[in-house]
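Chains A and B supply the protein sequences, listed in that same order.
Residue numbering for the first sequence follows our numbering, starting at 811 and increasing by one per position.
Residue numbering for the second sequence follows our numbering, starting at 811 and increasing by one per position.
Every residue gets a Cβ at the ideal spot worked out from N, C-alpha and C, and that includes glycine.
Working notes, structure below.
2 protein chains.
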Amino acid sequence: MIAGEQALAKRSCMLFSSPDDPVDVWVPELQRNLPEVEFRVAPELGAAADIDYAIVWKPPAGLLASLPNLKVIFSIGAGIDHILADPERPKALPIVRMVDPYLRDMMCEYALLGVLHFHRFMPEYQADQQARVWQRRWPHYTPEMTVGVLGLGEIGAKVAESFRQLGFRVRGWSRGEKRLPGIECFHGRAALPVMLSACHYLVCVLPLTGETAGLLDAAAFAALPRGAVVVSIGRGKHVVEPDLLSALESGQVGGAFLDVYASEPPQPAHPFWRHPRVIMTPHIAGEIVPKSSAKVVAANVRRHLAGEPIAHVVDLARGY
Amino acid sequence: MIAGEQALAKRSCMLFSSPDDPVDVWVPELQRNLPEVEFRVAPELGAAADIDYAIVWKPPAGLLASLPNLKVIFSIGAGIDHILADPERPKALPIVRMVDPYLRDMMCEYALLGVLHFHRFMPEYQADQQARVWQRRWPHYTPEMTVGVLGLGEIGAKVAESFRQLGFRVRGWSRGEKRLPGIECFHGRAALPVMLSACHYLVCVLPLTGETAGLLDAAAFAALPRGAVVVSIGRGKHVVEPDLLSALESGQVGGAFLDVYASEPPQPAHPFWRHPRVIMTPHIAGEIVPKSSAKVVAANVRRHLAGEPIAHVVDLARGY
């Protein structure tokens, strides 16, 4: 390349903004995968007009609107509700959700952990250990236990298949019709209670949309077999938390393995913290790991720079 | 059949003996699968000479020797060490170990649970929950973590494959040479330290033999990467417990998920009970579930009745 050309071509520029993700890991990883792009880290924007791309988690309200030449918004997360929460966001710009095979694999690991924790009586055995009690419990027979998976996209389909491989019966539920080998598939709101009626374990990996918010309410819990276990790893607002607490109190729900909450972190007085049948983790089921995700983002930026269609742009009418 | 024939043909007879397994589940399940066989439950032998088969867990010393016409001993367990422990056992009789696909699947479930519990920081997150602390920990990157599986028989091969499918690097170790797709296989005692040197998680599903007793000693723990986690689901005597405690104290071993112990149950004063990095379960990783195992036993009894070779007879020279 002739020296003059490099000076003339404007270098593309990406802004990183996240209150929760480590900038010192993310930006070097992105830079390594996209050496041709300049990176800036909010709130140090420099000349805002330089910025072509933003990669964000929970962007401060107004940040995206302050970038006059922004072209694409990348979500540091499979969901994009944290971006839609900004009322000032530039509505015409494409938003790309994170579709990372490794994020999917992490969600699978967590779903297996959550279900197996209750399936193999870990709450009981951990209490026994504390009390120095040796008491073998009669095991559940896996081929007669059903795992239900809410959401059958990239993540849910793999989660469902993972349980099928372990010998569980598996049911899946999605907005539109899906077919997956060996999985009993249901779709649409009307089919939800029917689907739930056989699920001893229920794993929610739905995206948060107007249709899915509050889906796991008193009626949904009542539709489950008595003592069913809920593993919630989509978004906290899928679950009507007071309804879950009532269902746990009555024994209708036998346990909950929760990674996401209506408000994060939950208030110190939230009854989940000390509930004997609730396991809590701090929104870590499907973390975005830069080592993997930076590659996914880089491939997409290169598509855009080459004038090709970018992948995984959210359909805003559908919400994911 | 002519009435007289039935009276003349001696009906085969099986004795059930176990201090730990529910006779009220086992015997009806066996009877349902083998209606042509008569069942008796120790210590009510009736005429001892009637008994052709014994199905046992930890048989009392001398019980098997008291059955003059015993032909086959069936183990209620994948291991047979609990039978060999009886010095009076009839040495010439075939002993059949339990090779039940469902037992294998249960062991896989447990191995996944044990590894994922530590891999996904559950000890830390459970302590955080008790303290109402919201603290996200930087995740391990699964493709860079290695699971080592000791024992590559029916159970170990499936365990290794399950971890491979989750995206872990997997190493396996066995007595004789084995080859498994996608698994880095090692064999023989000399190769053990080399194999261990990369294993962040170590799952032991070996049979207990003269060669494997005490295999997990100070030298083995020292060969692991610092902070490795041990999941012990073979037999308690594979582990030199004082050595494991020292390795936990020094941090060389970062955690242990234990289902089996040198003495079961462990004494109330055993340091495992309250160790913050030890998870204990009461020998339930691979329980024998009559619903599945009675079918396996029935098929084998029918082979014997038909004069065909029975399956899964232990090679006593090898020990499994």
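For this session: Residues of the stretch 912-939 of chain B with a CB closer than 9 angstroms to any CB of chain A: list them in chain order, please.
Result: Here the close residues are Y912, D915, M916, C918, E919, Y920, L922, L923, L926, H927, H929, R930, F931, M932, Y935, Q936, D938, Q939.
Exercise. Between B/R942 and A/W1083, what straight-line distance do the alpha-carbon atoms span, to the nearest angstrom?
Worked result: Within the second sequence, numbered from 1, the residue matching residue 942 of chain B stands at position 132. Within the first sequence, numbered from 1, the residue matching residue 1083 of chain A stands at position 273. Cα to Cα, the separation comes out at about 6 angstroms.
Exercise. Counting Cβ pairs, one atom from each stretch, are 3 or more of them under 8 angstroms apart for the stretch 844-864 of chain B and the stretch 819-831 of chain B?
Worked result: Result yes; three or more Cβ-Cβ pairs closer than 8 angstroms.
For this session: Identify which residue in A/A921, A/G1129, A/G872 has its Cα closest to the Cα of A/G966.
Result: Locating residue 966 of chain A in the first sequence gives position 156, counting from the first residue. Of the candidates A/A921, A/G1129, A/G872, the one whose C-alpha sits nearest the C-alpha of A/G966 is A/A921.
Problem set entry | Own chain, CB closer than 7 angstroms to B/V1070, minus 5 neighbours either side, in chain order | For this step, residue 1070 of chain B is matched to residue 260 along the second sequence. Same-chain partners within the cutoff: S1042, I1043, G1044, R1045, G1046, H1093.
Exercise. Below 8 angstroms, can you find three or more Cβ-Cβ pairs linking the stretch 1121-1130 of chain A to the stretch 831-848 of chain B?
Worked result: The stretch 1121-1130 of chain A makes no contact with the stretch 831-848 of chain B: fewer than 3 CB pairs, one atom from each, lie closer than 8 angstroms.
Exercise. Do you know how far the Cα of B/V1013 is from the Cα of B/S972?
Worked result: Sequence index remark: in the second sequence, residue 972 of chain B carries index 162 (1-based). Sequence index remark: in the second sequence, residue 1013 of chain B carries index 203 (1-based). Their Cα atoms are separated by approximately 12 angstroms.
For this session: Inspect the beta-carbon positions of B/I982 and B/G1129 and report whether they are closer than 8 angstroms.
Result: Numbered from 1 along the second sequence, position 172 holds the residue referred to as residue 982 of chain B. Numbered from 1 along the second sequence, position 319 holds the residue referred to as residue 1129 of chain B. Checking the sequence shown, residue 982 of chain B turns out to be Gly, not Ile. With respect to the 8 angstroms criterion, B/G982 and B/G1129 are not classified as neighbours on the basis of their beta carbons.
Exercise. Are the Cβ atoms of B/L903 and B/V882 separated by less than 8 angstroms?
Worked result: Stepping through the second sequence from its first residue, residue 903 of chain B is reached at position 93. Stepping through the second sequence from its first residue, residue 882 of chain B is reached at position 72. For B/L903 and B/V882, yes; Cβs fall inside 8 angstroms.
For this session: Could you spell out the range, first to last residue, of the beta strand (DSSP E) harbouring A/C1009?
Result: Position 199 of the first sequence, counted from the first residue, corresponds to residue 1009 of chain A. Per DSSP, A/C1009 lies in no beta strand (DSSP E) segment and is marked neither H nor E.
For this session: Figure out for me which residue from B/K1101, B/R974, B/L874 has the closest Cα to the Cα of B/I905.
Result: For the purposes of this step, residue 905 of chain B is taken as residue 95 along the second sequence, with counting starting at 1. Taking only the C-alpha atoms, the option nearest B/I905 is B/L874.
Exercise. When the Cα atoms are used, what is the spatial distance from B/G997 to B/G986?
Worked result: Locating residue 997 of chain B in the second sequence gives position 187, counting from the first residue. Locating residue 986 of chain B in the second sequence gives position 176, counting from the first residue. Contrary to the premise, residue 997 of chain B reads as His rather than Gly in this sequence. Computed Cα separation, rounded: 6 angstroms.
Exercise. When we look at the beta-carbon of B/D831 and count the other beta-carbons within 10 Å, is it buried (16 or more) or exposed?
Worked result: Along the second sequence, read from residue 1 onward, the residue named residue 831 of chain B stands at position 21. Classification for B/D831: buried.
Exercise. If you compare alpha carbons, which of B/G887, B/P953, B/L1068, B/E1059 is closest to B/I1089?
Worked result: On the second sequence, residue 1089 of chain B is found 279 positions in, with the first residue counted as 1. Out of B/G887, B/P953, B/L1068, B/E1059, B/L1068 has the C-alpha closest to the C-alpha of B/I1089.
For this session: Run through the stretch 940-973 of chain B for me and flag every whole beta strand (DSSP E) of 3 or more residues, listed as ranges in chain order.
Result: Whole beta strand (DSSP E) segments, 3+ residues: 956-960.
For this session: Name, please, each residue of chain B whose Cβ falls closer than 7 angstroms to the Cβ of A/V1099.
Result: Here residue 1099 of chain A refers to the residue found at position 289 of the first sequence. Here the neighbours are P949, Y951.
Exercise. Taking a cut of 9 angstroms between CB atoms, which residues from the stretch 1084-1098 of chain B lie near chain A?
Worked result: Answer in chain order: R1084, V1088, I1089, M1090, T1091, P1092, H1093, I1094, A1095, E1097.
For this session: Assign A/V1040 to one of two classes, buried (16 or more other C-beta atoms within 10 Å of its C-beta) or exposed (fewer than that).
Result: In the first sequence, counting from the first residue as 1, residue 1040 of chain A sits at position 230. Buried, because 16 or more other Cβ atoms sit within 10 Å of the Cβ of A/V1040.
For this session: Check the DSSP bridge columns for A/M824 and list the partner residues they point to.
Result: On the first sequence, position 14 is the one that residue 824 of chain A refers to. Under the DSSP definition of a beta bridge, A/M824 partners with A/F849, A/Y863.
Problem set entry | Alpha carbon of A/E919 to alpha carbon of A/P900, nearest angstrom | Translated into positions along the first sequence, residue 919 of chain A becomes position 109. Translated into positions along the first sequence, residue 900 of chain A becomes position 90. Straight-line Cα distance between these residues: approximately 36 angstroms.
Problem set entry | the stretch 908-916 of chain A touching the stretch 925-938 of chain A, judged by at least three CB pairs closer than 8 angstroms | Inter-segment contact for the stretch 908-916 of chain A and the stretch 925-938 of chain A is absent: fewer than three beta-carbon pairs are separated by less than 8 angstroms.
For this session: Please check if any C-beta of chain A sits within less than 8 angstroms of the C-beta of B/G1020.
Result: On the second sequence, residue 1020 of chain B is found 210 positions in, with the first residue counted as 1. Taking 8 angstroms as the threshold, the shortest C-beta distance from B/G1020 to chain A does not fall below it.
Exercise. Are any of the Cβ atoms in chain A nearer than 8 angstroms to that of B/L840?
Worked result: Taking the second sequence and counting its residues from 1, one reaches residue 840 of chain B at position 30. Output row for B/L840: interface = no.
Problem set entry | Under the three-state DSSP convention, the category A/E1097 falls into | The residue given as residue 1097 of chain A occupies position 287 in the first sequence. Three-state DSSP puts A/E1097 in coil, outside helix and strand.
Problem set entry | Closer than 9 angstroms at the beta carbon, the chain B residues around A/L1054 | Walking along the first sequence from the start, residue 1054 of chain A turns up at place 244. Within chain B, not a single residue places a beta-carbon under 9 angstroms from that of A/L1054; the smallest gap is close to 16 angstroms.
Problem set entry | Near-chain B residues of the stretch 1070-1081 of chain A (beta-carbon distance less than 7 angstroms), N- to C-terminal order | Within the stretch 1070-1081 of chain A, the qualifying residues are P1075, P1078.
For this session: Name the residue from B/P845, B/V1004, B/D862 whose alpha carbon lies nearest to the alpha carbon of B/A1030.
Result: Against the second sequence, residue 1030 of chain B aligns to sequence position 220. B/A1030 has its Cα closest to that of B/V1004, out of B/P845, B/V1004, B/D862.
Problem set entry | Neighbouring residues, chain A, relative to B/W944 (Cβ below 7 angstroms) | Counting from one through the second sequence, the residue named residue 944 of chain B turns up at place 134. In chain order, P1075, P1092 make up the part of chain A whose C-beta sits under 7 angstroms from the C-beta of B/W944.
Exercise. DSSP on A/S885, reduced to helix/strand/coil?
Worked result: Position 75 of the first sequence, counted from the start, is the residue given in the question as residue 885 of chain A. In this structure, DSSP gives A/S885 an extended state, which the three-state scheme calls strand.
Exercise. For the beta strand (DSSP E) that A/M1090 lies in, which residues bound it at each end?
Worked result: As a first step, residue 1090 of chain A must be located in the first sequence, where it is residue number 280. It spans 1088-1090 - the beta strand (DSSP E) in which A/M1090 sits, taken as one unbroken run.
Problem set entry | Proximity test, Cβ basis, 8 angstroms: A/I812 and chain B | Working through the first sequence from its first residue, we reach residue 812 of chain A at position 2. With a pLDDT of 48 at A/I812, under the threshold of 50, the predicted position of this residue should be treated as unreliable, though the coordinate-derived value follows. So no, A/I812 is outside the interface.
For this session: Using only alpha-carbon positions, find the residue among A/H892, A/D834, A/L844, A/G958 that is nearest to A/E1074.
Result: One-based indexing of the first sequence puts residue 1074 of chain A at position 264. Comparing Cα positions, the closest option is A/H892.
Exercise. Hey, how far is the Cα of B/G1064 from the Cα of B/R1036?
Worked result: Position 254 of the second sequence, counted from the start, is the residue given in the question as residue 1064 of chain B. Position 226 of the second sequence, counted from the start, is the residue given in the question as residue 1036 of chain B. So the two alpha carbons sit approximately 7 angstroms from each other.
Exercise. B/I905 bridges to which residues according to DSSP?
Worked result: Here residue 905 of chain B corresponds to residue number 95 of the second sequence, with the count starting at 1. According to DSSP, B/I905 bridges with B/I883.
Exercise. Going along chain A, which residues have a C-beta under 9 angstroms from B/L976?
Worked result: The count along the second sequence starts at 1 and reaches residue 976 of chain B at position 166. Against chain A, the beta carbon of B/L976 has neighbours under 9 angstroms at D915, C918, E919, L922, S972, listed in chain order.
Exercise. By how many angstroms is the C-alpha of B/M908 removed from the C-alpha of B/M811?
Worked result: To locate residue 811 of chain B, count along the second sequence from 1; it is residue 1. To locate residue 908 of chain B, count along the second sequence from 1; it is residue 98. Per-residue confidence for B/M811 stands at a pLDDT of 44, beneath the threshold of 50, marking its modelled position as unreliable; the derived number appears in the next sentence. Cα atoms of B/M811 and B/M908: separation of roughly 34 angstroms, rounded to the nearest angstrom.
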